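Number of protein chains: 2
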Amino acid sequence: MRAPYDVAVIGNAIVDVLARVEDPLLAELGVEKGIMTLVDAERSEAIYRRLPPAVEVSGGSGANTAAGIASLGGKAGFIGKVKDDQLGAVFRHDLTALGVHFPTSAGVEAAPTARCMIMVTPDAQRTMQTYLGACIELTPDDVDEELIGGAEVTYLEGYLWDPPGAKQAFLKAAELAHQAGRKVALSLSDPFCVERHRDSFMTLIQGHVDLVFANEAELTALYRTDLDQALSAVRGHVELAAVTRGASGSVVATGERTVSVPAEPVERLVDTTGAGDLYAAGFLYAYTHGRDAATCARIGSICAAEIISHMGPRPETNLARLVESTLSAV
Amino acid sequence: MRAPYDVAVIGNAIVDVLARVEDPLLAELGVEKGIMTLVDAERSEAIYRRLPPAVEVSGGSGANTAAGIASLGGKAGFIGKVKDDQLGAVFRHDLTALGVHFPTSAGVEAAPTARCMIMVTPDAQRTMQTYLGACIELTPDDVDEELIGGAEVTYLEGYLWDPPGAKQAFLKAAELAHQAGRKVALSLSDPFCVERHRDSFMTLIQGHVDLVFANEAELTALYRTDLDQALSAVRGHVELAAVTRGASGSVVATGERTVSVPAEPVERLVDTTGAGDLYAAGFLYAYTHGRDAATCARIGSICAAEIISHMGPRPETNLARLVESTLSAV
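If you read the protein sequences in the order shown, they are chains P and E. Note that numbering that gives the first Met the number 0 has the first sequence beginning at 0, numbered continuously upward. Note that numbering that gives the first Met the number 0 has the second sequence beginning at 0, numbered continuously upward.
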């Protein structure tokens with residue numbers, strides 16, 4: 000019998016504040032381009048004051064993946080912590096409006112709902128400053144056993160591998176998933192995130208993870224070597240690793256095989272925010288519907304191509320129809 | 000000596016919740032297409048639950064005009080009421096980041112910051128459901144005398160001509176402006192808004208207003224006649240009336256003259272939200288810089304064309320550069 004959920008995601012519940020900026024502002028603010036940096040409430044406010052007018056869109060890496068899976072027609076659940084405030088209501092609305100199951104209760108006394116200021120430069124690169132707010136109050140109690148046990152894959156957002164409560168939540172979820180005979184996936188999220196937590200990431204992967212999602216910089220940071228060597232190494236640790244390479248497409252390593260899939264062409268590259276998240280969405284939707292590795296990667300690429308053609312990390316079109324029409328075109 | 004401000008705006012301080020919807024949803028919700036309807040908190044929640052994922056963008060008709068004037072390089076001020084909450088902070092940030100002076104203090108005990116759910120149908124029309132929240136707590140005390148006395152034009156957003164405190168604020172502002180030898184402008188905002196307040200709008204216009212901004216439906220609703228007759232009538236009441244006619248451009252009536260200006264061509268019509276607001280921005284910027292009526296209307300049309308070519312009611316490009324390059328193209 001088919002599991003009630005395709006994918007259960009555990010991730011940060013974040014509303015994005017998206018602004019188009021010119022490169023000199025990044026230098027003035029002293030932020031590193033292309034990278035996610037954690038900031039406290041005060042620094043977040045100080046940066047916000049320097050930003051031009053922005054738009055607010057629900058985000059969060061893992062939540063974007065859950066939204067993508069729902070847009071593909073898949074059944075997704077999400078575990079992550081908002082506060083019971085205006086941005087928390089926005090986050091919950093945008094996720095549940097897609098049909099994503101979101102059982103995590105809002106924090107009442109918690110810090111405000113998290114926000115991530117995303118500065119998009121003219122080259123379509125995104126640079127992120129995240130105030131985690133309520134996210135860090137996620138605990139193992141928030142891990143919904145019915146959701147995790149009932150999902151083909153539990154997908155863990157690597158950004159969350161930091162506060163002790165969330166780490167315990169990851170381990171609890173991985174255990175529950177495996178007890179139910181399900182798979183556990185992990186995204187590496189960010190090269191600096193990998194650097195900071197390299198040893199414990201390695202332990203997590205070797206002990207609890209079946210599927211790894213990463214971009215080239217993240218995987219090579221994890222194994223401190225080049226891509227070929229890193230692919231050989233990760234092959235020994237997990238069942239499958241899907242590695243994105245920007246315009247060069249993606250590589251999937253499984254057992255003894257390596258499959259390379261080109262990137263999907265994009266008419267106009269606008270904003271790369273969410274590219275990896277939506278690749279994972281397409282890949283996991285296909286994976287949980289029994290498709291082979293090459294098809295999983297292809298569908299991931301189609302979803303990533305949609306997201307980078309507009310501002311913001313959530314699909315602006317029905318991905319199920321997009322994938323169907325793209326795959327059926329000769 | 001030049002006044003310190005070009006335009007002071009009094010309007011509703013609103014964050015827009017923008018969602019793309021199909022026409023049948025409007026029918027299901029029982030809302031009238033193309034119109035702005037006021038809703039209470041409960042009805043607002045009920046509609047929100049039915050909306051697909053949305054984006055949040057600062058809006059408010061008069062505030063969009065103030066933002067447009069700032070983007071044109073003009074000096075604008077804004078008076079309107081938010082609450083001291085997350086959306087209130089978003090609204091304040093987006094306006095002040097453009098350099099708009101915004102002296103109104105946030106309500107602490109007030110209702111939440113206002114939000115307007117804007118449903119954009121595939122024909123690019125917008126249908127709006129507004130929960131006014133903190134807006135209705137605007138009082139004459141919020142009318143900043145230095146701002147009004149120091150602005151060439153005080154622009155009143157017609158939507159606000161409803162709660163008693165705001166009406167008194169309008170009358171106080173008009174009086175202050177005229178005492179300082181300035182002009183007073185009024186936007187008619189919405190045909191239903193005009194119907195509801197027809198008599199008192201007429202009294203306001205005849206007694207206190209120098210410049211009227213309206214679309215064709217609003218002006219003909221005010222005078223209960225056709226456009227030609229309405230233009231004759233309004234000519235006797237105010238110094239200047241600028242009337243937008245969608246794809247047919249706009250008509251400006253001054254004294255004995257009527258000037259018609261075509262609409263600016265648009266490559267792709269995406270969302271008409273803010274078209275009238277940005278027309279008024281372009282017009283008033285030009286007007287306060289001594290341009291003739293035809294040029295004011297032309298610059299208004301250029302700004303309106305920018306806003307309807309993307310989602311949302313705030314400019315996505317620097318309007319000063321856009322206007323300069325458009326006017327200099329042969």
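C-beta atoms are modelled at their ideal positions from N, C-alpha and C, and glycine is treated no differently. Predicted model only: the values in this text are computed from it and were never measured.
Compare the Cα-Cα distances from P:Pro261 to each of P:Arg1, P:Val142, P:Thr294 and report the closest residue. As a first step, residue 261 of chain P is located in the first sequence; it is residue number 262 there, counting from the start. For the residues P:Arg1, P:Val142, P:Thr294, the minimum Cα distance to P:Pro261 belongs to P:Thr294.
What is the DSSP secondary structure of E:Leu159, reduced to helix, strand or coil? If you number the second sequence from 1, residue 159 of chain E lands on position 160. DSSP places E:Leu159 in helix when its eight states are reduced to three.
Just to confirm my understanding: we take E:Lys74, look at its own chain, exclude 5 residues before and 5 after, and list those with CB closer than 6 angstroms. What are they? As a working note, residue 74 of chain E is residue 75 in the second sequence. Contacts found: Tyr4, Asp5.
Counting only beta-carbon atoms, is E:Leu131 nearer than 8 angstroms to chain P? Residue numbering aside, residue 131 of chain E sits at position 132 when the second sequence is read from its first letter. Answer no: the Cβ-Cβ gap between E:Leu131 and chain P never drops below 8 angstroms.
Within the continuous beta strand (DSSP E) that includes P:Arg256, where are the two ends? Here residue 256 of chain P refers to the residue found at position 257 of the first sequence. 256 to 260 is the span of the beta strand (DSSP E), which, as asked, contains P:Arg256.
Going along the stretch 46 to 62 of chain P in order, which residues come within less than 9 angstroms of chain E, judged by CB to CB distance? Tyr47, Arg48, Arg49, Leu50, Pro51, Pro52, Ala53, Val54, Glu55, Val56, Ser57
Would you verify that the beta carbon of E:Gly311 is, or is not, closer than 8 angstroms to some beta carbon of chain P? Position 312 of the second sequence, counted from the first residue, corresponds to residue 311 of chain E. For E:Gly311, the answer is yes, since a Cβ of chain P falls inside 8 angstroms of its Cβ.
Can you tell me where the alpha helix (DSSP H) holding P:Thr95 begins and where it ends? What you label residue 95 of chain P is simply residue 96 of the first sequence in a count that begins at 1. Looking at the DSSP string, the run of the alpha helix (DSSP H) that includes P:Thr95 is 85 to 95.
Helix, strand or coil for P:Val233 per DSSP? Taking the first residue of the first sequence as position 1, residue 233 of chain P is located at position 234. P:Val233: helix per DSSP, three-state reduction.
Is there a C-beta anywhere in chain P that falls below 8 angstroms from the one on E:Gln124? Indexing the second sequence from 1 puts residue 124 of chain E at position 125. Taking Cβ atoms only, chain P never reaches closer than 8 angstroms to E:Gln124, which makes this a no.
E:His100: contacting residues in chain P (beta-carbon distance under 7 angstroms): Residue mapping note: residue 100 of chain E aligns to position 101 of the second sequence, counting from 1. In chain order: nothing, as chain P lies at least about 15 angstroms away.
Given E:Gly98, which residues of its chain have a CB within under 6 angstroms of its CB, disregarding the five upstream and five downstream residues? For the purposes of this step, residue 98 of chain E is taken as residue 99 along the second sequence, with counting starting at 1. Ala69.
Where does P:Ala179 fall in DSSP's three states? The count along the first sequence starts at 1 and reaches residue 179 of chain P at position 180. Coil, per DSSP.
Taking contact to mean 3 or more Cβ pairs, one atom from each stretch, closer than 8 angstroms, check whether the stretch 227 to 247 of chain E and the stretch 12 to 22 of chain E are in contact. no
Could you pull out every residue in the same chain whose Cβ sits closer than 7 angstroms to the Cβ of E:Val95, ignoring the five residues on either side in sequence? For this step, residue 95 of chain E is matched to residue 96 along the second sequence. With the sequence shown as reference, residue 95 of chain E is identified as Thr, and Val is not the correct amino acid for it. These residues qualify, in order along the chain: Phe101.
Nearest-angstrom Cα separation, counted from P:Val107 out to P:Asp84: What you label residue 84 of chain P is simply residue 85 of the first sequence in a count that begins at 1. What you label residue 107 of chain P is simply residue 108 of the first sequence in a count that begins at 1. Answer to the nearest angstrom: the Cα atoms are 8 angstroms apart.
Buried or exposed, going by whether 16 or more other CB atoms sit within 10 Å of the CB of P:Gly143? For the purposes of this step, residue 143 of chain P is identified with residue 144 of the first sequence, where counting begins at 1. Correcting the residue type first, residue 143 of chain P is Asp in the shown sequence and not Gly. Result: buried.
How is P:Met127 classed by DSSP in three states: helix, strand or coil? Locating residue 127 of chain P in the first sequence gives position 128, where the first residue counts as 1. Strand.
Under 8 angstroms, do P:Ala110 and P:Gly87 count as touching if we go by C-beta distance? Counting from 1 along the first sequence, the entry for residue 110 of chain P is found at position 111. Counting from 1 along the first sequence, the entry for residue 87 of chain P is found at position 88. Their beta carbons are not under 8 angstroms apart, which means P:Ala110 does not touch P:Gly87 by this criterion.
Should the stretch 304 to 320 of chain P be regarded as contacting the stretch 261 to 276 of chain P, the criterion being three or more beta carbon pairs within less than 8 angstroms? yes
Within-8 angstroms CB hit, P:Gln85 to chain E: In the first sequence, counting from the first residue as 1, residue 85 of chain P sits at position 86. Yes, its Cβ sits closer than 8 angstroms to a Cβ of chain E.
Listed by chain order, chain P residues near E:Val89 by CB distance under 7 angstroms: Along the second sequence, read from residue 1 onward, the residue named residue 89 of chain E stands at position 90. In chain order: Glu55.
Simplified DSSP state of P:Asp140, which is helix, strand or coil: Taking the first residue of the first sequence as 1, we reach residue 140 of chain P at position 141. Three-state DSSP puts P:Asp140 in a helix.
Buried or exposed by the 16-neighbour rule on C-beta atoms within 10 Å, applied to E:Ser186: Position 187 of the second sequence holds residue 186 of chain E. That one is buried.
First and last residue of the beta strand (DSSP E) that includes P:Phe282? Within the first sequence, the letter at position 283 stands for residue 282 of chain P. Element bounds for P:Phe282: not the beta strand (DSSP E) but the alpha helix (DSSP H), 274 to 286.
What is the DSSP secondary structure of P:Leu239, counted as helix, strand or coil? To locate residue 239 of chain P, count along the first sequence from 1; it is residue 240. Here P:Leu239 sits in strand by DSSP.
Limits of the unbroken beta strand (DSSP E) element including P:Glu21: In the first sequence, counting from the first residue as 1, residue 21 of chain P sits at position 22. Looking at the DSSP string, P:Glu21 is not in any beta strand (DSSP E), and its letter there is neither H nor E.
In three-state DSSP terms, what is P:Ala7? Mapped onto the first sequence, residue 7 of chain P falls at position 8. Note: P:Ala7 maps to strand in three-state DSSP.
Is any beta-carbon of chain E found at less than 8 angstroms from that of P:His92? As a first step, residue 92 of chain P is located in the first sequence; it is residue number 93 there, counting from the start. Closer than 8 angstroms: yes.
Tell me where the alpha helix (DSSP H) around P:Val193 begins and ends. Within the first sequence, the letter at position 194 stands for residue 193 of chain P. Per DSSP, P:Val193 belongs to the alpha helix (DSSP H) from 190 to 195.
From the DSSP output, in three-state form, read off E:Met0 for me. Within the second sequence, the letter at position 1 stands for residue 0 of chain E. In the structure shown, E:Met0 sits in coil (DSSP, three-state: anything other than H, G, I, E or B).
Mind checking P:Pro190: buried by the 16 CB within 10 Å criterion, or exposed? Within the first sequence, the letter at position 191 stands for residue 190 of chain P. P:Pro190 comes out buried.
Between the stretch 118 to 127 of chain E and the stretch 136 to 156 of chain E, do at least 3 Cβ pairs fall closer than 8 angstroms? no
For a cutoff of 8 angstroms on Cβ pairs, would you count E:Leu24 as touching chain P? On the second sequence, residue 24 of chain E is found 25 positions in, with the first residue counted as 1. Taking Cβ atoms only, chain P never reaches closer than 8 angstroms to E:Leu24, which makes this a no.
Interface residues of chain E facing P:Ala96 [CB-CB closer than 7 angstroms]: The residue you call residue 96 of chain P lines up with position 97 of the first sequence. Correct list: Leu50, Pro51, Pro52.
Mind checking P:Thr316: buried by the 16 CB within 10 Å criterion, or exposed? Numbered from 1 along the first sequence, position 317 holds the residue referred to as residue 316 of chain P. Counting Cβ neighbours within 10 Å, P:Thr316 comes out exposed, since fewer than 16 surround it.
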